[in-house]
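For reference, the structure is listed below as structure tokens.
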Amino acid sequence: MNKVSDFLTVRNLTLQYKTGAYRVTAVNEVSFSCDSGERLILLGPSGCGKSTILKAIGGFILPHSGEIMLNGKQLTKPAPDRAVVFQEFDQLLPWKTALGNVIFAIRNTRAISRKAAEEEAAAHLQRVGLGALGHRYPHELSGGQKQRVAIARCLALRAEVILMDEPFASLDALTRQQMQEKLLGLWSEARFTLVFVTHSIDEALILGSRIVTLSPHPGRVIEEIKVRHCDDLARRHPEYAALKGRIESILFKDQLEYVI
Amino acid sequence: MVFKDKTKLSVWERISDINWLRKLAIVVTLAALWQIYAIWLNNALMFPTFTATVNALISAFGNGELLERVLNSLKMLLIAYAIGAVLAITLTILSISTRIGNDILEVLTATLNPLAPVALLPLALLWFGLGAPSIVFVLVHAVLWALTLNIHNGFAGVSQTLRMVGRNYGLKGLRFVFLILIPAALPSILTGLKVSWAFGWRTLIAAELVFGVSSNSGGIGWFIFEKKNQLDIDFVFAGLLTVIIIGILVENVLFKTLEKRTVLKWGMKQ
Ligand SMILES: Nc1ncnc2c1ncn2[C@@H]1O[C@H](COP(=O)(O)OP(=O)(O)OP(=O)(O)O)[C@@H](O)[C@H]1O
Ligand SMILES: [Mg+2]
């Protein structure tokens, strides 16, 4: 592992929000990078700027300073080659059914017949366990079901880079575990580059090949950790407990009373 | 012992729960009061009875006269409505891309919206003369600003997340407007359409009353005006009743159905 990781490079990235008369720095001088086909985890406490960084990689927020390079090119705007699952529950188009949402994503980003798009969309919904609910409108779905439709819709884009913002946060433990396994399964088929936001150390260790730990607001990178293993038995791996302990000590170093 | 978690409502309870039935009862009562008062007054030139009005309504529709008037009125309103809608959408689209455009639109709607359309009639007469173009001009003014205001507010209220979803698919320009903004703003747009229709309908009748058109292309306002001149007061009442009925049909049947099939079905409005 001497080669420099340079597929996705975030360099000295500072991101700000304008609120009223102030500029609020949400992310301060953040740098990290990863190879193509990696599973990069952004891990940190609530409000540290994980979503903000993800939106910047998505091209929705322009850097105040610093840069984001993908495959040697500077990112300036959103594109379907970086498919996003947002953290918010209102990301599905309310006027389209679950199936319609996936079809819409496919048909607007690829030249494909309506029939083929329909079949493909149905297969993607099947994968996230919602094959029977395709005819429902988003307001007729639970929070977790909505997020799974959003995941299906995102995967349907067949993007090179997939950006997911706490997509499993509202799932029960069992469904979450199934979805994590499915995501890993899909990844080993398609080998997309995954940037995944979570505040769960366990989830980070199960899914990640590289973990970027962020400090509380304003977010800065504390440490970048390579995770070597990759299988759904990660929990039983001898290295797991050691790594988990290490991340906990990194995240909680400065504030003893801090709760994620 | 089985616990009964369901008990049947009495027939009377069930009947009194039917919304339209209760309202129908009110309408019937009003009609009865009207009838009683008119008989007591006994002056058909001032206030004809309900039955006389209904008879007049039937005969005016029967010989096709009233239907033609109604169609003339609706045609006029639809033309103005279409022009207004296209203008409103265009203005809003032009304005959303820049902040100054936004400001201009907000100032325009704020200043022109309160200007009662009928107040423009003298000017319309001066510019377009007596006839359909004048009425259409006034009607466009009546529908345009309420519609623009609502479309603009609707666009402004579209969530950041939905916008980002659209941009994620690479949607830009008109495709973004038509595939994301318009459907996402549909609750507001429908409200705008409803409000501006109501505005337009009231203005139309008033405009026709004030300066009618020629006798063969006149609308329902002209019908009322003409019948009053001929002292056919029961027909005047029939005309008024028609204005009310069409208003109710459009506002409560057409728009309600439209809402039920769209924003209500999609859970975008409770
Ligand atoms: N639109 C906004 N305007 C102003 N400040 C914002 C905005 N969005 C986020 N912030 C601020 O920026 C910081 C980072 O927010 P962000 O949403 O990226 O946090 P996060 O790490 O995703 O948190 P969580 O785990 O709770 O989702 C927070 O302090 C937040 O208050
Ligand atoms: Mg977040």
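Line by line, the protein sequences are chains X and B. Read in order, the letters of the first sequence are residues 0 to 259 in numbering that gives the first Met the number 0. Read in order, the letters of the second sequence are residues 0 to 269 in numbering that gives the first Met the number 0. Even glycine gets a Cβ: it sits at the ideal position worked out from N, Cα and C.
Distance between residue j and residue i (C-alpha atoms, nearest Å)
| i | j | result |
| --- | --- | --- |
| B/Trp-299 | B/Pro-121 | The structure shown has nothing for residue 299 of chain B, since chain B only spans 0 to 269. |
| X/Ala-110 | X/Ala-151 | 19 Å |
| B/Ala-237 | B/Val-26 | 16 Å |
| B/Ser-9 | B/Ala-115 | 51 Å |
| X/Glu-28 | X/Ala-149 | 31 Å |
| B/Phe-222 | B/Leu-208 | 9 Å |
| B/Leu-170 | B/Phe-127 | 43 Å |
| X/His-63 | X/Ala-20 | 17 Å |
| B/Ile-204 | X/Asp-80 | 56 Å |
| B/Asp-4 | B/Trp-19 | 29 Å |
| X/Arg-175 | X/Leu-140 | 17 Å |
| B/Thr-190 | B/Thr-91 | 16 Å |
| X/Ile-161 | X/Gly-36 | 10 Å |
| B/Asn-42 | B/Phe-154 | 55 Å |
| X/Val-258 | X/Glu-222 | Caution is warranted here: a pLDDT of 46 is assigned to X/Val-258, below 50, making its placement in the model unreliable, and the coordinate value is therefore given only provisionally. Rounded to the nearest angstrom, the two C-alpha atoms are 19 Å apart. |
Host alpha helix (DSSP H) of residue i (start-end)
| i | result |
| --- | --- |
| B/Leu-138 | 131 to 155 |
| X/Tyr-136 | Per DSSP, X/Tyr-136 belongs to no alpha helix (DSSP H) and is neither H nor E. |
| X/Glu-118 | 113 to 126 |
| B/Leu-76 | 64 to 95 |
| X/Arg-175 | 172 to 189 |
| B/Lys-226 | 219 to 228 |
Best match in the options for proximity to residue i [C-alpha to C-alpha]
| i | options | result |
| --- | --- | --- |
| X/Leu-154 | X/Met-178, X/His-138 and X/Ala-20 | X/Met-178 |
| X/Lys-145 | X/Cys-47, X/Lys-72 and X/Phe-85 | X/Phe-85 |
| B/Gln-269 | B/Ile-219, B/Ser-187, B/Leu-248 and B/Leu-65 | B/Ser-187 |
| B/Ala-145 | B/Trp-196, B/Asp-102 and B/Glu-64 | B/Trp-196 |
| B/Leu-138 | B/Ile-179, B/Leu-86 and B/Leu-189 | B/Leu-86 |
| X/Gly-142 | X/His-198, X/Asn-70, X/Gly-71 and X/Leu-170 | X/Leu-170 |
| B/Glu-64 | B/Lys-255, B/Leu-248 and B/Gly-220 | B/Gly-220 |
| X/Cys-47 | X/Leu-132, X/Pro-79, X/Val-160 and X/Thr-24 | X/Thr-24 |
| X/Lys-243 | X/His-216, X/Ser-199 and X/Pro-217 | X/Ser-199 |
| B/Tyr-168 | X/Gly-57, X/Ala-172, X/Leu-7 and X/Gly-207 | X/Gly-57 |
| X/Val-26 | X/Ser-32, X/Val-160 and X/Leu-14 | X/Leu-14 |
| X/Ala-158 | X/Arg-190, X/Val-220 and X/Lys-76 | X/Arg-190 |
| X/Ile-67 | X/Asn-100, X/Leu-7 and X/Thr-108 | X/Leu-7 |
| B/Val-117 | B/Asn-101, B/Lys-22, B/Leu-29 and B/Val-135 | B/Val-135 |
| X/Ser-248 | X/Arg-135, X/His-138 and X/Leu-213 | X/Leu-213 |
| X/Ile-224 | X/His-216, X/Gly-207, X/Pro-215 and X/Gly-218 | X/Gly-207 |
| B/Leu-178 | X/Asn-100, X/Arg-135 and X/Lys-72 | X/Asn-100 |
| B/Ala-30 | B/Phe-49, B/Met-45, B/Phe-60 and B/Asp-16 | B/Phe-49 |
| X/Val-83 | X/Val-226, X/Pro-137 and X/Ala-104 | X/Ala-104 |
| X/Gln-73 | X/Ala-55, X/Leu-39 and X/Asp-89 | X/Ala-55 |
Spatial neighbours of residue i in its chain, beta-carbon cut-off 7 Å, leaving aside the 5 residues before and after
| i | result |
| --- | --- |
| X/Ser-50 | Gln-86, Asp-164 and Val-196 |
| B/Lys-259 | none |
| X/Gly-71 | none |
Proximal residues to residue i (C-beta, below 6 Å), its chain only, five neighbours per side dropped
| i | result |
| --- | --- |
| B/Asp-233 | Pro-47, Ala-51, Thr-52 and Ala-55 |
| X/Asp-231 | Only weak support exists for where X/Asp-231 lies, its pLDDT of 49 falling under 50; the coordinates are left without a value. |
| X/Arg-10 | Ser-30, Gly-65 and Glu-66 |
Near ligand 1: residue i beta-carbon under 8 Å from a heavy atom
| i | result |
| --- | --- |
| X/Thr-13 | no |
| X/Gly-142 | no |
| X/Lys-72 | no |
| X/Ile-52 | yes |
| X/Gln-86 | yes |
| X/Gly-48 | yes |
Opening and closing residue of the beta strand (DSSP E) in which residue i lies
| i | result |
| --- | --- |
| X/Asp-164 | 160 to 164 |
| X/Arg-209 | 209 to 213 |
| X/Arg-38 | 38 to 42 |
| X/Asn-27 | 21 to 33 |
Residue i: CB within 8 Å of a non-hydrogen atom of ligand 2
| i | result |
| --- | --- |
| X/Val-196 | yes |
| X/Gln-146 | no |
| X/Gln-179 | no |
| X/Asp-89 | no |
| X/Asp-34 | no |
| X/Glu-202 | no |
| X/Asp-171 | no |
| X/Glu-165 | yes |
Cutoff 8 Å; reference residue i; Cβ partners in own chain excluding five residues on either side
| i | result |
| --- | --- |
| B/Glu-250 | Lys-193, Trp-196 and Ala-197 |
Ligand 3 heavy atom lying under 8 Å from the CB of residue i
| i | result |
| --- | --- |
| B/Ser-15 | Because ligand 3 does not appear in the structure shown, any question about it cannot be addressed here, the ligands present being ligand 1 and ligand 2. |
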